[in-house]
Amino acid sequence: MYGFEDLKETVKREFKVDPDDVESTNVPAEVRYHTPEALNKDLNITHSEIYVVVEGKKFRGFLYIDNGYDPDWVRRKGLKSIIPKFHILNCDVVQEKKTSNHFHGHYVFRTKPVEIEDLDGKWKEPMLCKLCLRNQTEIVSVIDTTEFCEEYLPKIKQSGSFIRSDLPKEYDLDTHGYTTDWDKKSQEYRVKQHFTCEECGIKLNKRYLDGYFLETHHIDMNKTNNADSNLKCLCVLCHANVNELHKRRYKDGKNRKKLEDFLEIYFEELVAVNNQYLNLHATQPN
């Protein structure tokens, strides 16, 4: 369960300030997350921004790896720099780190520019992640943290009251991060869509087995945002290709087996609807 009192205590501990004693316009410069749990709990990462909330006030910033990439890893890869990219939204890289439990205690949230000493002894700024760049329209080219903080953050209102729908809500979550009523919500949404894939148009409503191969996708990748406007019915093949993260998820294990079964059973139907991904995964079965 998420609570503002927990966040306040984190702000006191990490920012070294008492939110009750500062003005709402006092933008925090930095917060370090020492554990994956603290980062996942207290940092808000959405499809359009990364921010913290202090006493109901929203502060946007960016996320980067403290002190850069591991030098030994960089050398093994044949790279020449440890300077990391910085992230401003929930791009595929951030999603993958979260889902693979690689959000370790070396990530830092900042609202001010930062420099890191590189292997050549020079101090350099992180540059914007290209995936973050592609997933927004405000910034048009790769920039450093100074330009982001000086040119773009000032355009964004950093403090002010939230409307009720913006406030973090309390949810009971299952072990996979879905709300406990997700199965019911997913079923209701698929019924509304008449068990039809909203991408390729295949209808999966003729046999009892069909519903198993129609999945409900969260468009913004936030598993707690179950608004109909954030949901999309997708057959397994379309879901497996919705973005790079899902492509990796369906490469092996149970997801891969489910995809292969779907292709074998529904090959003719997929051909009939001219599914755009069919030629990437299958040939006609014998």
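Residue 1191 in my numbering is what sits at position 46 of the sequence shown, and the numbering runs on without skipping anything. No residue lacks a Cβ here, since even glycine has one placed at the ideal position from N, Cα and C.
Exercise. Determine the burial state of D1328: buried for a count of at least 16 other Cβ atoms within 10 Å of its Cβ, exposed for fewer.
Key: Start at 1 with the first residue of the sequence shown, and residue 1328 comes out as number 183. Under a 10 Å Cβ-count criterion, D1328 is classified as exposed, with fewer than 16 other Cβ atoms of the shown protein chains found around its own Cβ.
Self-check item: Straight-line Cα distance separating E1333 from D1217
Solution: Here the question's residue 1217 lines up with position 72 in the sequence shown. Here the question's residue 1333 lines up with position 188 in the sequence shown. Distance between the alpha carbons of D1217 and E1333: 50 Å.
Quiz item: According to the Cβ coordinates, are K1269 and C1294 closer than 8 Å?
Solution: The residue given as residue 1269 occupies position 124 in the sequence shown. The residue given as residue 1294 occupies position 149 in the sequence shown. It is not a contact, given that the beta carbons lie outside the stated cut-off.
Self-check item: Proximity to K1243 [Cα-Cα], best of M1366, L1423 and V1259
Solution: Working through the sequence shown from its first residue, we reach residue 1243 at position 98. Nearest of M1366, L1423 and V1259 to K1243, Cα basis: M1366.
Quiz item: For T1256, which three-state DSSP category applies?
Solution: As a first step, residue 1256 must be located in the sequence shown, where it is residue number 111. Three-state DSSP puts T1256 in coil, outside helix and strand.
Quiz item: Assuming L1273 contacts I1261 under a Cβ cut-off of 8 Å, what Cβ separation, rounded to an integer in Å, is found between them?
Solution: The count along the sequence shown starts at 1 and reaches residue 1273 at position 128. The count along the sequence shown starts at 1 and reaches residue 1261 at position 116. Not really, about 15 Å apart at Cβ, beyond 8 Å.
Self-check item: Alpha-carbon to alpha-carbon, D1355 and F1340
Solution: In the sequence shown, the residue the question calls residue 1340 occupies position 195. In the sequence shown, the residue the question calls residue 1355 occupies position 210. Taking the straight line from one Cα to the other gives about 8 Å.
Self-check item: Separation of V1219 from S1116, as counted between CA atoms
Solution: There is no way to answer for residue 1116, as the model of the chain reaches only from 1146 to 1431.
Quiz item: Taking just the CA atoms, how far does L1208 sit from D1326?
Solution: Here residue 1326 refers to the residue found at position 181 of the sequence shown. Here residue 1208 refers to the residue found at position 63 of the sequence shown. Distance between the alpha carbons of D1326 and L1208 is about 31 Å.
Exercise. Determine the direct distance from the alpha carbon of D1265 to that of N1445, and round the result to whole angstroms.
Key: Residue coverage of the chain in this structure runs from 1146 to 1431, which leaves residue 1445 outside it and unanswerable.
Practice problem: Pick out whichever of N1212, L1423 and E1413 has its Cα sitting closest to the Cα of L1382. | Solution: Here residue 1382 refers to the residue found at position 237 of the sequence shown. Taking L1382 as reference, the option from N1212, L1423 and E1413 with the minimal CA-CA separation is L1423.
Practice problem: For chain D, find out if any of its Cβ atoms is closer than 8 Å to the Cβ of F1358; answer yes or no. | Solution: Of the protein chains in this structure there is only one, and it is not chain D.
Self-check item: Nearest residue (CA-CA) to T1323, options R1177, S1286, H1362 and Q1338
Solution: As a working note, residue 1323 is residue 178 in the sequence shown. For the record, residue 1323 in the displayed sequence is Tyr; it is not Thr. Its Cα nearest to that of Y1323, the residue H1362 stands out among R1177, S1286, H1362 and Q1338.
Quiz item: Can you tell which of D1237, D1406 and K1267 has its C-alpha closest to the C-alpha of S1193?
Solution: For this step, residue 1193 is matched to residue 48 along the sequence shown. Here the closest residue by C-alpha is D1237.
Self-check item: 8 Å contact criterion, which I1347 and L1415 should meet: CB distance rounded
Solution: Here residue 1347 corresponds to residue number 202 of the sequence shown, with the count starting at 1. Here residue 1415 corresponds to residue number 270 of the sequence shown, with the count starting at 1. Taking 8 Å as the upper bound for CB-CB distance, I1347 and L1415 are in contact here, some 6 Å apart.
Exercise. Please say whether C1345 and V1239 have beta carbons closer to each other than 8 Å?
Key: In the sequence shown, the residue the question calls residue 1239 occupies position 94. In the sequence shown, the residue the question calls residue 1345 occupies position 200. Against a cut-off of 8 Å, the Cβ pair of C1345 and V1239 comes out as no contact.
Self-check item: Element boundaries [beta strand (DSSP E), containing I1410]
Solution: The count along the sequence shown starts at 1 and reaches residue 1410 at position 265. Counting along the chain, I1410 sits inside no beta strand (DSSP E); it lies in the alpha helix (DSSP H) bounded by residues G1398 to I1410.
Quiz item: If you drop the 5 nearest sequence neighbours on each side, which residues of the same chain put their C-beta closer than 7 Å to that of Q1429?
Solution: Stepping through the sequence shown from its first residue, residue 1429 is reached at position 284. Residue confidence is low: Q1429 scores 48 on pLDDT, short of 50, so the model does not pin down where it sits. Its coordinate-derived value is still stated next. Cβ within range, chain order: F1412.
Self-check item: Counted within 10 angstroms of its Cβ, other Cβ atoms place P1299 as buried (16 or more) or exposed
Solution: The count along the sequence shown starts at 1 and reaches residue 1299 at position 154. Result: exposed.
Quiz item: Going by beta carbon distance, what residues of the same chain come within less than 7 Å of R1401, once the five residues before and after it are set aside?
Solution: Along the sequence shown, read from residue 1 onward, the residue named residue 1401 stands at position 256. Y1395.
Exercise. Kindly list the residues whose CB is nearer than 6 Å to the CB of E1360, restricted to its own chain and excluding five residues on each side of it in sequence; keep chain order.
Key: Numbered from 1 along the sequence shown, position 215 holds the residue referred to as residue 1360. Around E1360: L1379 and H1384.
Quiz item: Alpha carbon to alpha carbon, how far is N1420 from R1352?
Solution: On the sequence shown, residue 1420 is found 275 positions in, with the first residue counted as 1. On the sequence shown, residue 1352 is found 207 positions in, with the first residue counted as 1. If you draw a straight line from the Cα of N1420 to the Cα of R1352, it comes to about 20 Å.
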